[in-house]
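Undergrad:
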Amino acid sequence: MTRLTTDDRRDFIRLPKPFSVQAFEFKFPMASQPRVDTTCVDISTGGLCLESPYLFEQGAKVQVRVHIPTLNKYSGGFYKHYENDVDQHLNAIAEVAWVDRSGGSYVIGLRFLDIDSDTQSALQRLINKAVQDNP
Numbered sequence: 020m021t022r023l024t025t026d027d028r029r030d031f032i033r034l035p036k037p038f039s040v041q042a043f044e045f046k047f048p049m050a051s052q053p054r055v056d057t058t059c060v061d062i063s064t065g066g067l068c069l070e071s072p073y074l075f076e077q078g079a080k081v082q083v084r085v086h087i088p089t090l091n092k093y094s095g096g097f098y099k100h101y102e103n104d105v106d107q108h109l110n111a112i113a114e115v116a117w118v119d120r121s122g123g124s125y126v127i128g129l130r131f132l133d134i135d136s137d138t139q140s141a142l143q144r145l146i147n148k149a150v151q152d153n154p
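According to my numbering, the stretch in the sequence shown is residues 20 to 154, in order.
#1: Rounded to the nearest angstrom, what separates Asp133 and Ile112 at their Cα positions?
#2: Taking the alpha carbon of Leu145 as the point to measure from, which residue in Ser71, Gln107, Pro48 has its own alpha carbon closest?
#3: Throw me the rounded Cβ distance for the Val126 and Glu76 pair, which I believe falls under 8 Å.
#4: Within 10 angstroms of its Cβ, does Gly95 collect 16 or more other Cβ (buried), or is it exposed?
#5: For Phe131, collect the residues of the same chain with a Cβ closer than 7 Å to its Cβ; drop the 5 residues on either side in sequence, then sort them by chain order.
#6: Between which two residues does the alpha helix (DSSP H) containing Asn147 stretch?
#7: Could you tell me the boundaries of the beta strand (DSSP E) in which Phe43 lies?
Encoded structure:
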């Protein structure tokens with residue numbers, strides 16, 4: 020069951036889904052930055068929370084690629100009809116807002132800094148649909 024969460028401190032409704040995420044620190048040289056394959060705890064149009072075996076320091080810039088299998092369904096135009104789960108990704112540059120060090124891994128809050136507006140709109144429609152389906 021999907022339980023959408025929001026509270027007075029949050030500006031965005033968070034969708035708790037374990038989408039696959041690839042993340043790496045956005046600094047030069049880019050090729051030498053370790054790629055971290057992980058899953059998100061939740062996602063919103065403002066950012067995401069992920070679990071990571073790798074520590075991204077607060078304030079660091081991170082490039083993320085989130086695999087969202089039904090994202091194209093919520094896109095406008097051509098992509099709405101392109102139902103190929105293989106290449107339905109949200110790509111964004113984010114900033115580490117907070118880090119919770121617990122056990123041997125980290126829970127990291129990322130705030131989107133740069134994201135394609137069409138992709139962000141598709142994500143909003145996906146979240147709105149989840150809200151409608153799970154009041």
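Glycine is no exception: its CB is placed at the ideal position from the N, C-alpha and C atoms.
TA: Result, derived from the coordinates:
#1: The residue you call residue 133 lines up with position 114 of the sequence shown. The residue you call residue 112 lines up with position 93 of the sequence shown. Looking at the two C-alpha atoms, the distance is approximately 5 Å.
#2: The residue you call residue 145 lines up with position 126 of the sequence shown. Answer by Cα proximity: Gln107.
#3: Sequence index remark: in the sequence shown, residue 126 carries index 107 (1-based). Sequence index remark: in the sequence shown, residue 76 carries index 57 (1-based). Not confirmed; about 14 Å, so no contact.
#4: One-based indexing of the sequence shown puts residue 95 at position 76. Gly95 is exposed by the Cβ-count criterion.
#5: On the sequence shown, position 112 is the one that residue 131 refers to. Excluding residues within five positions, the ones whose Cβ falls inside 7 Å are Gly65, Gly66, Ala111, Ala113.
#6: Your numbering for residue 147 matches position 128 in the sequence shown. Looking at the DSSP string, the run of the alpha helix (DSSP H) that includes Asn147 is 136-152.
#7: The sequence position of residue 43 within the sequence shown is 24, counting from 1. Note, Phe43: beta strand (DSSP E), 39-44.
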